[in-house]
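Peer 1: In full-length UniProt numbering, the protein residues as written are 1 to 330. Take this structure first; my questions come after.
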């Protein structure tokens, strides 16, 4: 089978590799769609730890091609895959903090993932979806699961004023989730006009261009701010625009060696909660159900679909102006 293998930092190869065979507790997935996200770029550049060589891709789904002995799944089922494999027995897993499992192993990061024709997947990671689902939507389920985790931590009750910093796929998914949660105001801040226009179409009540407007002056007193850009400037902005007693949910991922100064006094006197959100603990099934429900506008977020031959160019080139989501269809 063909697969995109990360051999070393900044070194990819489209290779012929042996097609795996599923044993007990495993199934072989024929990949229909795999998203390329910012984490893949960080892995490729050596800014996020990973094993090497490894087949990239952690946002994927497809059709069950083969099943191992006594599997509860059936050949031909359309499924989404949770890439994060945990032990299920450690104190963190038992406390439902699965993202902190010391044995956490991720498909596409530590072991072979979805930018390939086939993936060997533990049955524990498989979530069936609606049979008629657009296969391209499979690439959104894992990032949606991460976004749902952020929403859980924010604990919106309805009526909140919400700001979202960053107009990538996570930011635009959070726009839609905030709308479904009943937020009274949803402000999307991003430099790219196309993304601002998309945000208004899918639920944002207002958009802000940080190149031409002072965000700290035009966005103030927010109940919850989602930092989705993974940038130092937006992390700083998030603390300024959030009201006293409010909450900042950090979903954006920076390079691992990024550091900055913060003002502890301001955090204390404003009782500001700054909450990181990591991975998708126990949210993959909800994401699969929500995507299957058709309540989200996902087609508008798809910018480009490439085959395995096109992956190298995507990772070597910064996203084009206005592009949101790249999807690989092996």
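C-beta atoms are modelled at their ideal positions from N, C-alpha and C, and glycine is treated no differently.
Considering Cα atoms alone, identify which of 212, 131, 299 and 40 is closest to residue 201.
Peer 2: Nearest of 212, 131, 299 and 40 to residue 201, Cα basis: 299.
Peer 1: Does the distance from the C-beta atom of residue 288 to that of residue 129 stay below 7 Å?
Peer 2: It is a contact, given that the beta carbons lie within the stated cut-off.
Peer 1: Mapping the DSSP letters down to three states, classify residue 98 as helix, strand or coil.
Peer 2: Looking at residue 98 - three-state DSSP - the assignment turns out to be helix.
Peer 1: Under three-state DSSP, which class holds residue 35?
Peer 2: Correct three-state label for residue 35: strand.
Peer 1: Just checking, does the stretch 177-187 make contact with the stretch 153-165 on the three C-beta pairs under 8 Å criterion?
Peer 2: Yes: the two stretches touch, three or more of their Cβ pairs being nearer than 8 Å.
Peer 1: How do the stretch 142-154 and the stretch 278-285 stand: do at least 3 beta-carbon pairs fall below 8 Å, yes or no?
Peer 2: Yes, the stretch 142-154 touches the stretch 278-285.
Peer 1: Give me the Cα-Cα distance between residue 208 and residue 166, rounded to the nearest whole angstrom.
Peer 2: Cα to Cα, the separation comes out at about 11 Å.
Peer 1: Sort out for me which residues DSSP pairs residue 84 with in a bridge.
Peer 2: In DSSP, residue 84 forms a bridge with 106.
Peer 1: On the three-state DSSP scale, how would you describe residue 119?
Peer 2: Correct three-state label for residue 119: strand.
Peer 1: Is it a yes or a no for the stretch 44-58 touching the stretch 85-95, going by three-plus beta-carbon pairs under 8 Å?
Peer 2: With a cut-off of 8 Å, the stretch 85-95 and the stretch 44-58 do not count as touching, because too few Cβ pairs lie within range.
Peer 1: What residue from 11, 20, 99 and 14 has the CA that sits closest to residue 282's CA?
Peer 2: When only C-alpha atoms are compared, the closest one is 99.
Peer 1: Check each candidate in 142, 3 and 233 and name the one with the smallest Cα separation from residue 190.
Peer 2: With distances taken between Cα atoms, residue 190 lies closest to 233.
Peer 1: Does the beta-carbon distance from residue 4 to residue 248 come in below 7 Å?
Peer 2: Against a cut-off of 7 Å, the Cβ pair of residue 248 and residue 4 comes out as no contact.
Peer 1: Name the DSSP bridge partner or partners of residue 161?
Peer 2: Residue 161 is bridged to 185.
Peer 1: Between which two residues does the beta strand (DSSP E) harbouring residue 276 extend?
Peer 2: Where residue 276 is concerned, the enclosing beta strand (DSSP E) stretches over 273-276.
Peer 1: Excluding five sequence neighbours on each side, which residues of the same chain lie with their C-beta closer than 6 Å to the C-beta of residue 176?
Peer 2: Closer than 6 Å at the Cβ level, and outside the excluded window around residue 176, lie 202, 203 and 296.
Peer 1: Taking its Cβ as the centre, do 16 or more other Cβ atoms sit within 10 Å of residue 25, making it buried, or is it exposed?
Peer 2: By the 10 Å Cβ count, residue 25 comes out exposed.
Peer 1: Rounding to the nearest angstrom, what Cα-Cα distance links residue 62 and residue 294 in this structure?
Peer 2: Cα-Cα distance, rounded: 18 Å.
Peer 1: In this structure, how does DSSP classify residue 222 when only helix, strand and coil are distinguished?
Peer 2: Residue 222 falls in the strand class under three-state DSSP.
Peer 1: Between residue 269 and residue 262, what straight-line distance do the alpha-carbon atoms span, to the nearest angstrom?
Peer 2: About 14 Å.
Peer 1: Tell me where the alpha helix (DSSP H) around residue 19 begins and ends.
Peer 2: Note, residue 19: premise wrong, no alpha helix (DSSP H); not H, not E.
Peer 1: Is it right to say residue 70 is buried, meaning 16 or more other beta carbons lie within 10 angstroms of its own, or is it exposed?
Peer 2: So residue 70 counts as exposed.
Peer 1: With H, G and I counted as helix, E and B as strand and the rest as coil, what does DSSP make of residue 2?
Peer 2: Strand.
Peer 1: Determine, using beta carbons only, whether residue 115 and residue 56 come nearer to each other than 7 Å.
Peer 2: Cβ distance < 7 Å, so residue 115 and residue 56 count as in contact.
Peer 1: Can you tell me whether residue 22 is buried or exposed, with buried defined as 16 or more other CB within 10 angstroms of its CB?
Peer 2: Buried is the call here.
Peer 1: Within 10 Å of its beta-carbon, does residue 308 have 16 or more other beta-carbons around it, so buried, or fewer, so exposed?
Peer 2: So residue 308 ends up on the buried side.
Peer 1: Using the C-alpha atoms, what's the distance from residue 142 back to residue 127?
Peer 2: Each residue's alpha carbon lies about 11 Å from the other.
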